[in-house]
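Visitor: This structure is in structure tokens; I'll ask about it shortly.
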Amino acid sequence: MKLNQTFARPAEMPATIPLFPLTGALLLPRRPIQLTVFEPRYLEMLDDALSGERLIGVIQPSSDEETSDPAPDLYPLGCAGRIVQYAEIGDGRCFLTLMGVARFRLTGEAPSDHPYRIAVPDYASFAEDFQEGAGEAAVDREDLIAALKRFAEVNEIKVVWSDIKKASNEALVNGLSMMSPCGPREKQALLEAPDLKSRAEMLVAITTIELARGQDAATQIH
């Protein structure tokens, strides 16, 4: 596998990728996510991925409830990420950073002798994920930033506005979606948004609902 490998279209993606089911995790194209790996089966997955295409499919279990099932039911959509950084901690854990490549539809799972699951992904519906900046012009940036300001003020969060100003619409929408404190179902809805404009509108709606809930709770306390 070449260093700094890029994937420009669905046809360049491998036919199978290892699956990393994670409740509440959201990965989107060209955005990084930092993960900790400690289960033996996923340490083996990491080792195998590093010796291959360096791709891992992040996908959520379809149930929000905790389960001891080693192979829980999964949502039909996930996102492939490429390992761009990893470190062994020395206590049996590894830290890794995945950079989102493209979303995929889970069409099935490949039979395997490995302790982890292997996806048969279909990227055909997400060709735009491979195109940086696709759909940026349709995003209502002012509306998104206004929602961010309201959320930051209410929750007393410091925001580096100079960084926000420099960020592209794609980086802003996808980055804020991944950082959102919303629940697993909302995270899945953000992942499944058909385009950047829809994701931005959904993020604003989710933020508005969360702010309203906070106001209702404050009113009840007083």
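Those letters in the sequence shown? Residues -4 to 217, per my numbering, in order. For each residue, glycine too, the CB sits at the ideal point set by N, CA and C.
(1) Starting from the C-beta of GLY19, find all residues in its chain whose C-beta is less than 8 angstroms away, skip the five residues before and the five after it, and write them out in chain order.
(2) What is the C-beta distance between LEU206 and VAL168, in whole angstroms, given that I count them as a contact (C-beta under 8 angstroms)?
(3) In angstroms with no decimal places, state the Cα-to-Cα distance between THR92 and GLN80.
(4) Give every residue of the same chain whose Cβ lies closer than 6 angstroms to the Cβ of ALA133, excluding the five residues on either side of it in the sequence, and list them in chain order.
(5) Can you give me the Cβ contacts of THR102 inside the same chain, cut-off strictly under 6 angstroms, excluding the 5 residues immediately before and after it?
(6) Quick one: which unbroken alpha helix (DSSP H) runs of 4-plus residues sit fully inside the stretch 133 to 161? Chain order, please.
(7) Let me make sure I understand the geometry here. Which of ALA200, LEU185 and PHE90 has the alpha-carbon closest to that of ARG194?
(8) Within this structure, are the beta carbons of GLU131 and SER163 separated by less than 8 angstroms?
(9) Only counting the same chain, and skipping five residues up and downstream in sequence, which positions put a Cβ closer than 7 angstroms to that of LEU17?
(10) Going by beta carbon distance, what residues of the same chain come within less than 8 angstroms of GLU39, once the five residues before and after it are set aside?
(11) Could you tell me which whole alpha helix (DSSP H) segments of length 4 or greater appear in the stretch 4 to 35?
(12) Starting from GLN80, follow the beta strand (DSSP E) in both directions and report where the run begins and ends.
(13) Name the residue from PRO71, PRO106, PHE90 and ASP86 whose alpha carbon lies nearest to the alpha carbon of ARG98.
(14) Roughly how many angstroms separate the alpha carbons of GLU60 and GLY73, rounded to a whole number?
(15) Comparing C-alpha positions only, which one of PHE2, LEU22 and GLU123 sits nearest to LEU171?
(16) Compare the Cα-Cα distances from ILE12 to each of LEU30, ILE113, VAL32 and ARG36 and report the closest residue.
(17) Using the Cβ count rule (16 or more neighbours within 10 Å means buried), how would you classify PHE90?
(18) In the structure shown, what three-state DSSP assignment does PRO179 receive?
(19) Which same chain residues, not among the five before or five after ALA122, have their C-beta less than 8 angstroms away from its C-beta?
(20) Spatial neighbours of ALA129 within its chain, please: CB distance less than 6 angstroms, with the 5 preceding and 5 following residues excluded, ordered by chain position.
(21) According to DSSP, which residues form a beta bridge with GLU104?
Guide: So, from the listed chains and residues:
(1) GLN55, GLY178, PRO179 and LYS182
(2) Actually they are not in contact, since the Cβ atoms of LEU206 and VAL168 sit about 18 angstroms apart, beyond 8 angstroms.
(3) Distance between the alpha carbons of THR92 and GLN80: 5 angstroms.
(4) LYS192
(5) Excluding sequence neighbours, THR102 sits near VAL115 and ASP117.
(6) 136 to 149 and 156 to 161
(7) LEU185
(8) yes
(9) VAL53 and GLN55
(10) HIS109, PRO110 and TYR111
(11) none
(12) DSSP places GLN80 inside the beta strand (DSSP E), whose first and last residues are 72 to 83.
(13) The candidate whose alpha carbon is nearest that of ARG98 is PRO71.
(14) 19 angstroms
(15) LEU22
(16) ILE113
(17) exposed
(18) Looking at PRO179 - three-state DSSP - the assignment turns out to be helix.
(19) Taken in chain order, the residues that qualify are ARG4 and PRO5.
(20) GLU123
(21) ALA114
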